[in-house]
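Just below is one structure, and these are the notes that go with it.
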Amino acid sequence: MKWHKKLTTDLREFGIIKRLTDLNSFQFILILPTMLIFILATVTIVFGVQHAGFNWGMVFTWVVWWGMLIALFVIFGRGWCIMCPFGALGEWVQRLSLWWKSKWGIGLNLKYPKRLKNLWMAIVFFVIFIFLDSGYGISNSPPLTAGLLVVLTVGAIWVGLIFEKRTFCLYHCPLTAFIGIASMMAPFEVRRKDADVCRQCKTKACFNGSENTYGCPMNVFQGSGVDKNRDCILCTECVTSCPYNNIKMRFRPFGYDLWNRKKGKLDESVGSIVIAGAVTIVSLFLVLFLTPVRSAVSSILFSGTNPGDWVRIISIGFLFLGGIAVTLLLMYGFSYLSKRFSGVKDIKAKAFFVNFGYALVPLGIMKFLADILDHVLRTWGAVFDVTRALAKDFPLDRVYASELTVRQLVNPAWTYVMQLLLTGIGFGFSLYVAYKLSQRMFADRNIAFKAFLPIGASVFVVGMAALWALSAAL
Amino acid sequence: MPEEKKNLQEAPANRISIYSKIPFLIAIAVVICAVFTTGIAYSILSVVGSRAQYVEGELVDGVREFNISSLQWDYDPAALKVEPGDTVRFIVTSDDIMHGFAINELGINLALKPDVGVSQEMVIPEDMPSGVYTMYCSIFCGIGHPYMKGAMLVGEPGFEVSKILPYIATAIMAGMFTAFIIIGRRKAK
Chain A
1410 MKWHKKLTTD
1420 LREFGIIKRL
1430 TDLNSFQFIL
1440 ILPTMLIFIL
1450 ATVTIVFGVQ
1460 HAGFNWGMVF
1470 TWVVWWGMLI
1480 ALFVIFGRGW
1490 CIMCPFGALG
1500 EWVQRLSLWW
1510 KSKWGIGLNL
1520 KYPKRLKNLW
1530 MAIVFFVIFI
1540 FLDSGYGISN
1550 SPPLTAGLLV
1560 VLTVGAIWVG
1570 LIFEKRTFCL
1580 YHCPLTAFIG
1590 IASMMAPFEV
1600 RRKDADVCRQ
1610 CKTKACFNGS
1620 ENTYGCPMNV
1630 FQGSGVDKNR
1640 DCILCTECVT
1650 SCPYNNIKMR
1660 FRPFGYDLWN
1670 RKKGKLDESV
1680 GSIVIAGAVT
1690 IVSLFLVLFL
1700 TPVRSAVSSI
1710 LFSGTNPGDW
1720 VRIISIGFLF
1730 LGGIAVTLLL
1740 MYGFSYLSKR
1750 FSGVKDIKAK
1760 AFFVNFGYAL
1770 VPLGIMKFLA
1780 DILDHVLRTW
1790 GAVFDVTRAL
1800 AKDFPLDRVY
1810 ASELTVRQLV
1820 NPAWTYVMQL
1830 LLTGIGFGFS
1840 LYVAYKLSQR
1850 MFADRNIAFK
1860 AFLPIGASVF
1870 VVGMAALWAL
1880 SAAL
Chain B
184 MPEEKKNLQE
194 APANRISIYS
204 KIPFLIAIAV
214 VICAVFTTGI
224 AYSILSVVGS
234 RAQYVEGELV
244 DGVREFNISS
254 LQWDYDPAAL
264 KVEPGDTVRF
274 IVTSDDIMHG
284 FAINELGINL
294 ALKPDVGVSQ
304 EMVIPEDMPS
314 GVYTMYCSIF
324 CGIGHPYMKG
334 AMLVGEPGFE
344 VSKILPYIAT
354 AIMAGMFTAF
364 IIIGRRKAK
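Protein chains in written order, with the working numbering: chain A, 1410 to 1883; chain B, 184 to 372.
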């Protein structure tokens, strides 16, 4: 088989990938470096220079990690989760092992309540995380960043001790809704090869584990015919467990899950709209209204001391939550129009909302990428300066870098062009997804086209918000 | 006669509603897009216009001094005007959380702690080409960080391509939507 065929058929056809993914310690090998880097980052954040621009841990976390995380979504979906040290900590404590199958564990392994097996809590945590970052500046303050790392660590261990498998990663991590939904767009998947083999399999080792393996930590049962990437962290536990070598890893077309999943879900649809709203309508609102809203609020409230300045925090909170609410209402309104345009009477507007919410995923993710690209390109130079400073006082990082180099890899004008390009690609792809979703909803092409028109218009409106918010800088 | 009457009564029910006519639906979608786009673009241009009041600073002992405050997610003033050869002094404070103040082409990058002023003096190079240079926040400061930018005007710049880029991008995106409408309509037929 030619190498490019292997990419789209099964990456395990490459000998080295097969050998690596056959190892029980494969995930541990990936986690170990990130764990060491995060320990170093935490040490520097706690003991080092208390300045967001000079602290190595801060610069590493919010420039390298945050930038890499979002870039990784686009290609590997939950690619970060396979090497995430927080989820791993919960798992290690729960199993009392790093990768080998241990006979003992200290977790209670309780089943997670069925009613909570959805993304609602994760969406709320995501909104709180983004709001706290904007209002209180988590990414801007070493103590708050350290606090976030502690909350994630304690949360992952605590949930791991009570509930089975990776319940924290599935339902509690503030990034799980974001990463899970983004992963549905990624052109990479882990799936079963032959459905018949799975049907005849008695052990279901990919899910239940075997003598030497644990089975899927994310409760994904490959044998049932997985239809989306949302929960798969690419840990290859199913690959190692399957006695029939019936699991493949391969590249596929972008966004395949968005229109090929079995059934739409309200939580996923709302999550998709919230993600897109946070970087489009919210951005537009902040650019347009933050100054007047802050003036209005300051006439009512006394300002506190920074960063606990109530005027600023309430103004940002109002616009942030308002922007998300407006995006949701906007999509519901356009879904209602879609129902009216289609002329179908026996399907509720909510069903249109659930079906078409996924259309905003590409636009939202690409706009996130455009925003982070700008930041990474602006501040890349500082990474080298703070690393040099860290080397002088390793690992406590108490030495200020002599300078923070302005070493923008691409000048602001070209960065802006690249941002427009990314936003445009996201917009075009969102239109395509909306079109595919309308055809999936209605077999009749005529009705499908009519249903598509308002949704296409909604994608256009959200796209305009993204584009013009980007263009607000002088 | 009763038969004719029945036909007459049924006729309105058989008439095709205007809502089912695709050109009408397309027109509604286009009008919605046009109204929203105009509103969004006009609002942004108004905001940009109100910020684009170029400040020449105060001359103190021959040094052009700019007192700039930074806050989420803006600089005040957001537009500065200098001439090649000027000696300038930037005195920058942050009014809320940590921010940065950077201008790539001048090699300046100030790290600002809340309520602590940072000052830097420098000479604008004689050979610095006329143009609008971006000043921006260099420390991640939340969701609005990508929009925390200002402008430094040097000399008398000519036409700038970046000014028309949003219009070009709008036209391209409108073209993409139109392409979907045309292809979708053709397939619907």
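We put the beta carbon where it would ideally sit given N, CA and C, even for glycine.
Keep in mind that this is a model prediction, so the values were computed, not measured.
Under DSSP, P267/B takes part in no beta bridge, so it has no partner. With its beta carbon at least 8 Å from every one in chain A, P312/B lies outside the interface.
Counting only runs of 4+ residues, the alpha helix (DSSP H) found wholly inside the segment 1660–1689 of chain A occupies 1665–1669 and 1675–1688, in chain order. For S345/B, at least one C-beta of chain A is nearer than 8 Å to its own C-beta. Ranking S321/B, T317/B and G232/B by CA distance to the CA of W1471/A puts S321/B first.
Judged by beta-carbon spacing, G1773/A lies within the 8 Å limit of S1681/A, meaning their Cβ atoms are closer than that value.
The Cβ-Cβ distance between R1504/A and W1668/A does not fall below 8 Å.
With the rule of 3 Cβ pairs closer than 8 Å, the segment 1550–1559 of chain A does not count as touching the segment 1704–1712 of chain A. Close CB contacts of S1751/A within its chain, under the 6 Å cut and outside five residues either way in sequence, are with I1856, K1859 and A1860 (chain order).
I274/B has N250/B and S302/B as its beta-bridge partners, per DSSP. Think of a sphere of 7 Å around the beta carbon of Y1844/A: the chain B residues whose beta carbon falls inside it are F363 and G367, in chain order. Interface flag for L348/B against chain A is set, since a Cβ pair is found closer than 8 Å.
No Cβ-Cβ contact shorter than 8 Å links S1747/A with Y330/B.
Taking a cut-off of 8 Å on C-beta distances, the segment 1766–1786 of chain A touches the segment 1866–1878 of chain A, as three or more cross pairs fall below it. A1882/A is positioned such that its CB atom lies no closer than 8 Å to that of I227/B. For K296/B, the chain A residues whose C-beta falls within less than 8 Å of its own C-beta are H1460, listed in chain order. For the 8 Å CB-CB criterion, G283/B and G1476/A do not form a contact. Unbroken alpha helix (DSSP H) stretches of 4 residues or longer found wholly inside the segment 1510–1546 of chain A: 1529–1544, given in chain order. Our two residues, D310/B and M335/B, have alpha carbons roughly 16 Å apart in a direct line. Per DSSP, the unbroken beta strand (DSSP E) holding V337/B starts and ends at K332 to V337. As DSSP reads the structure, I1656/A sits in a beta bridge with R1601/A. Short of 6 Å from the beta carbon of F1469/A, and not among the five residues preceding or following it, lie these beta carbons of its own chain, in chain order: A1450. Residues of chain A whose Cβ lies closer than 8 Å to the Cβ of M305/B do not exist; the shortest such Cβ separation is about 12 Å.
The beta carbon of L242/B sits no closer than 8 Å to any beta carbon of chain A. Interface with chain A (8 Å Cβ-Cβ cutoff): L208/B is included. Counting only residues of its own chain and dropping the five nearest sequence neighbours on each side, V1606/A has a CB closer than 8 Å to the CB of Y1653 and N1655.
Interface criterion not met: the Cβ of D269/B is under 8 Å from no Cβ in chain A.
Collapsing the DSSP output to three states places N1433/A in coil. By the neighbour-count criterion, in which a residue is buried when 16 or more other Cβ atoms sit within 10 angstroms of its Cβ, Q255/B is buried. In the same chain as L1478/A, and ignoring 5 residues on each side of it, the C-beta atoms closer than 6 Å to its own belong to W1489, in chain order. Closest option to F1437/A, judged by alpha-carbon separation, among R1600/A, C1644/A and W1567/A: C1644/A. Interface criterion met: the Cβ of I1725/A is under 8 Å from a Cβ in chain B. Ranking R1787/A, A1595/A, T1418/A and K1637/A by CA distance to the CA of N287/B puts R1787/A first. Contact of P329/B with chain A is assigned, a C-beta pair being separated by under 8 Å.
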